[in-house]
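Count along the sequence shown from 1, add 3, and you get the number used in the numbering used here. Everything below concerns the one structure shown next.
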Amino acid sequence: MALQSSRLCCGARLAALRPVLARPRPACKAMTRHSSRCRALPTSPVVRELPSQVVETFYVVQDPALFNTSYSDALLRFVDSAILAYECGMNEDSLRHELKVYKQSLEQQMAPPGMALNEDGCMLGAKIVWITLMETRSVRRWAAYNPVTDDTLHDWSGFVSMIVDSYLNRQMSWFPIERLQLELSAVQDLCAPPPDVVEWARIVYTVLEKVHPQVSNE
């Protein structure tokens, strides 16, 4: 009975996320400085759907194989949705609210433990995307307030800026993980394992490849 319930839940989630997976794979095409795709009013359906798109695309990142996609494609979709959310004025509070709504919807569908939403992972991933955009200043944000809090900036701006500086000024396609670990330990007293640091760094690089590609795809 439990197995049948899990299958039904999995099928329901796949059906709900089919529009997300059906979207074209975002191309890593350079954006012009201060470009923005957010032209809609805050009350428009496009803008209202942005928080849920960020959460849904991260949900796919958690287990790409379940949704018949690769990790790279899933991460690129998540980053693209987080960039658009940044442009349209989304911040930590609006994302946190959407995470609660999405978690409740999963609980109502009795999702098995393996399909639980990693709320902290989604929040951190979006914050890393937004801080990277703040560092590069390549995307216009249609809001007068910052997307992240001062505490978040204090914790993560050093980590992000080390990668951004090496990528833009020294054309480094990767940064030593040990040095990133030392940065996190010094600033946050966080002893992060290498796989986690690699994943966070990859988010930064995915954003950079989107807004400042070193090699043109055209």
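For every residue, glycine included, the Cβ atom is placed at its ideal position computed from N, Cα and C. Computed from a predicted model, the values in this text were never measured in an experiment.
CA-CA distance, residue i and residue j?
| i | j | result |
| --- | --- | --- |
| residue 80 | residue 137 | 20 Å |
| residue 62 | residue 205 | 17 Å |
| residue 92 | residue 142 | 12 Å |
| residue 191 | residue 109 | 32 Å |
| residue 175 | residue 193 | 25 Å |
| residue 134 | residue 72 | 27 Å |
| residue 83 | residue 189 | 31 Å |
| residue 167 | residue 207 | 8 Å |
| residue 64 | residue 77 | 5 Å |
| residue 145 | residue 130 | 17 Å |
| residue 181 | residue 60 | 29 Å |
| residue 201 | residue 128 | 12 Å |
| residue 195 | residue 157 | 17 Å |
| residue 67 | residue 56 | 16 Å |
| residue 106 | residue 75 | 24 Å |
| residue 216 | residue 94 | 25 Å |
On the premise that residue j lies in contact with residue i, defined as a C-beta separation below 8 Å, what is that separation, rounded to the nearest angstrom?
| i | j | result |
| --- | --- | --- |
| residue 101 | residue 150 | Rounded, the Cβ-Cβ distance is 14 Å, inconsistent with contact. |
| residue 99 | residue 126 | 7 Å |
| residue 214 | residue 152 | Contact flag wrong, Cβ pair sits at about 23 Å. |
| residue 210 | residue 104 | Residue 210 to residue 104, Cβ: 25 Å. No contact. |
| residue 169 | residue 178 | 5 Å |
Can you tell me which of the options puts its alpha carbon nearest to the alpha carbon of residue i?
| i | options | result |
| --- | --- | --- |
| residue 96 | 67, 155 and 192 | 155 |
| residue 198 | 68, 152, 184 and 70 | 184 |
| residue 120 | 179, 58, 214 and 147 | 58 |
| residue 147 | 89, 212, 210 and 189 | 89 |
| residue 123 | 203, 157 and 162 | 203 |
| residue 52 | 162, 87 and 217 | 87 |
| residue 186 | 56, 106 and 161 | 161 |
| residue 212 | 195, 196 and 171 | 171 |
Requested in this report: Entirely within the segment 112-147 and at least 4 residues each: give me those alpha helix (DSSP H) ranges in chain order.
Outcome: 122-139
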